[in-house]
Amino acid sequence: MERSAGSIRHRRRRVRPLLGGAVAGIAAAALAVTGLAGTAQAADVNVAKNAGFESGLANWTCSGGSGTTVSTPVHGGTSALKATPAGHDNARCTQTVAVKPGSTYTLSSWVQGGYAYLGASGTGTTDVSTWSPGSSSWTQLRTSFTTGPSTTSVTVYTHGWYGQAAYVADDVQVTGPDGGGGTDPEPTVPGTPAGLAVGATTTSSVTLNWNAVSGATGYTVYRNGAKATTATGTSATVTGLAADTAYQFAVSATNSAGESVKSATVSGRTAKATDPGGPVTSVPKHAVTGYWQNFDNGAAVQKLSDVPAHYDIIAVSFADATATPGAVTFNLDSAGLGGYTVDRFKADIKAKQAAGKNVIISVGGEKGSVAVNNDASATAFADSVYALIQEYGFNGVDIDLENGLNSTYMTKALRSLSSKAGSGLVITMAPQTIDMQSTSGEYFKTALNIKDILTVVNMQYYNSGSMLGCDGKVYSQGSVDFLTALACIQLEGGLAPSQVGLGVPASTRGAGSGYVAPSVVNAALDCLTKGTNCGSFKPSRTYPDLRGAMTWSTNWDATAGNAWSNAVGPHVHGLP
10 MERSAGSIRH RRRRVRPLLG GAVAGIAAAA LAVTGLAGTA QAADVNVAKN AGFESGLANW
70 TCSGGSGTTV STPVHGGTSA LKATPAGHDN ARCTQTVAVK PGSTYTLSSW VQGGYAYLGA
130 SGTGTTDVST WSPGSSSWTQ LRTSFTTGPS TTSVTVYTHG WYGQAAYVAD DVQVTGPDGG
190 GGTDPEPTVP GTPAGLAVGA TTTSSVTLNW NAVSGATGYT VYRNGAKATT ATGTSATVTG
250 LAADTAYQFA VSATNSAGES VKSATVSGRT AKATDPGGPV TSVPKHAVTG YWQNFDNGAA
310 VQKLSDVPAH YDIIAVSFAD ATATPGAVTF NLDSAGLGGY TVDRFKADIK AKQAAGKNVI
370 ISVGGEKGSV AVNNDASATA FADSVYALIQ EYGFNGVDID LENGLNSTYM TKALRSLSSK
430 AGSGLVITMA PQTIDMQSTS GEYFKTALNI KDILTVVNMQ YYNSGSMLGC DGKVYSQGSV
490 DFLTALACIQ LEGGLAPSQV GLGVPASTRG AGSGYVAPSV VNAALDCLTK GTNCGSFKPS
550 RTYPDLRGAM TWSTNWDATA GNAWSNAVGP HVHGLP
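The numbering of the sequence shown is the working numbering, which starts it at 10 and goes up by one.
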């Protein structure tokens, strides 16, 4: 859901066209994988420099400023390359390495995220490349090449694919004879971590954060002098603690050369045991969800009190990422919203709840760079969202992450949050159409993993290319068939009808493409719940418990005179 008026939709939402046979054929022809090389000889070295990106982008050049280094996820060490395709730029990052003529080299790298390519050019013989269509976990790309009789340097590269998600690469290897450039020096024992600080706490856990140490591949956390846990990033959560108890913590850095001296100790106290309670309102059988914008992008600026009563779930957009992987916070844009104060905002939340509405915090969107991909970040996510629930009185959380989702760790995070917040927690999700095409997708797997605590999945039926329906036919966005045939995939894929909603723009200005009139939304609701007003696609059965509909956003709805909620709201509430 985006801030910009020129491309008003879910922030950072990219149109993801369905990659058809023609594109796939071109990619396959252009990226044929060569045979693998034999095992490298003992004298071989890795001729790539800064191969683990521990020194930022030194020795690497990325097109259009598309590359940066990140501390999570990493495959080894403390840093990795993250490169984001944009428009006509495929986020190509290159390094020229010194090689020996007439020699064989093995080329490999670990990747995850969106489409990722690895290759070598200027070999003097046959240039090579290999690729991955994307993965939520680390995958190794591997190929080989032989240099020509006069070749002394080769360009190795990574890149993504146009219009697709960012990719992450780490631990690049160009293994073969030393071409005169040598290799990176062997690691030395890393320095002592600095900046150790206590983050979020619960009755049984304390989260710790510290500064990265150059050359470290891991960290060891000590509690009261004894080893408590290990981490690969700069954050860890120590669990199994007693409530309202003080503990002393320290951390050391490690790599293959050994372990550093422990840091100075810090004291952390667990929270007191209290009732997790909090505001609880029930979500009606048929509900309308609307995203409320905590920013001004040309749509009507609203206070929560301005949101019409037709909306049963109001998703506050958006939480902000913090420096701690997985953790989020919320910053009310008081200036941009005409002096809307935090106290008034909190009071408006209570007033909405008193009227039977649910107000939740949405995580993600255009600038929502939140990654939950390990135990530490899952804990940080759960702890920080629960802290927001306690501070503002939110009823729950909406998951609108657009740069990929790790089902294993997001499931852990949401289950942890549920255990803290109690049974009244509202959990909604807003995946793109591509994310819900198959039960093997990470979003779909997450939804099924938390089916017992999930409220509703409001898939976004817009800013999308043509997609497959549950009957195997291709449907174009902007029609009743697109809504019904794609909803059928979720309904027949394991979600309860009460966990499925139709997400659409509130007006033509609310999305880049895919707007449908409220009458089309109502027809799709009728088709799915009653078997009437269908288009060419008619489901084999009806789903009278279908949850309802969602829109981006209440602000764009207000800009259009609340035409969407005035038409769709009563229709949803009048379903069987």
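We put the beta carbon where it would ideally sit given N, CA and C, even for glycine. Note that the structure is predicted; figures quoted are calculated from it, not measured.
Per DSSP, reduced to three states, the secondary structure at isoleucine 408 is strand. The DSSP-derived three-state label of isoleucine 462 is coil. Per DSSP, reduced to three states, the secondary structure at asparagine 220 is coil, with no helix or strand assignment. DSSP links arginine 278 through a beta bridge to Ala255. The secondary-structure analysis by DSSP pairs glutamine 499 with nothing; it has no beta-bridge partner. Relative to the Cα of threonine 274, the nearest Cα in the group Ser118, Gln257 and Ala60 belongs to Gln257. According to DSSP, lysine 236 shares a beta bridge with Tyr231. In this structure, the beta-carbon distance from aspartate 490 to phenylalanine 546 falls below 8 Å. Below 8 Å, too few C-beta pairs join the segment 171 to 178 and the segment 186 to 198 to call them touching: fewer than three. Here glutamine 486 carries a coil assignment [DSSP, helix/strand/coil]. Looking at Thr192, Lys109, Gly123 and Thr167, the one whose alpha-carbon comes closest to that of asparagine 59 is Thr192. In this structure, valine 297 sits away from phenylalanine 327, with a CB-CB distance that is not shorter than 8 Å.
Beta-bridge pairing by DSSP links histidine 84 to no other residue.
Per DSSP, the beta bridge partners of tryptophan 140 are Tyr126.
Put simply, the backbone Cα of alanine 209 is about 22 Å away from that of threonine 417.
Contact check for threonine 78 against glycine 65 passes: the beta carbons are separated by less than 8 Å.
Restricting attention to Thr254, Ala225 and Trp301, the CA atom closest to the CA of valine 270 is found in Ala225. Secondary structure at phenylalanine 453: helix, using DSSP grouped into helix, strand and coil.
DSSP places serine 425 in the uninterrupted alpha helix (DSSP H) bounded by 416 to 430.
In the same chain as glutamate 268, and ignoring 5 residues on each side of it, the C-beta atoms closer than 6 Å to its own belong to Ser261, in chain order. In this chain, the alpha helix (DSSP H) harbouring aspartate 357 covers 351 to 363. DSSP, read as helix, strand or coil, puts asparagine 564 in helix. Its chain contains Pro317 as the residues whose beta carbon lies nearer than 6 Å to that of asparagine 571, once the 5 sequence neighbours on both sides are disregarded; these appear in chain order. Scanning its chain for C-beta atoms nearer than 6 Å, with the 5 sequence neighbours on each side dropped, one finds around lysine 109 the residues Pro186 and Gly188, in chain order.
According to DSSP, serine 261 shares a beta bridge with Thr229.
Under the DSSP definition of a beta bridge, asparagine 55 partners with Thr184.
By the C-beta density criterion, aspartate 407 is buried, having at least 16 other C-beta atoms within 10 angstroms.
With 16 or more other Cβ atoms inside 10 Å of its own Cβ, histidine 319 counts as buried. Annotated three-state conformation of threonine 192 is coil, per DSSP.
In its chain, beyond the 5 residues on either side, Ser343 have a beta carbon closer than 7 Å to the beta carbon of threonine 350. With 16 or more other Cβ atoms from the protein chains shown falling within 10 Å of its own Cβ, threonine 538 counts as buried.
Here threonine 517 carries a helix assignment [DSSP, helix/strand/coil].
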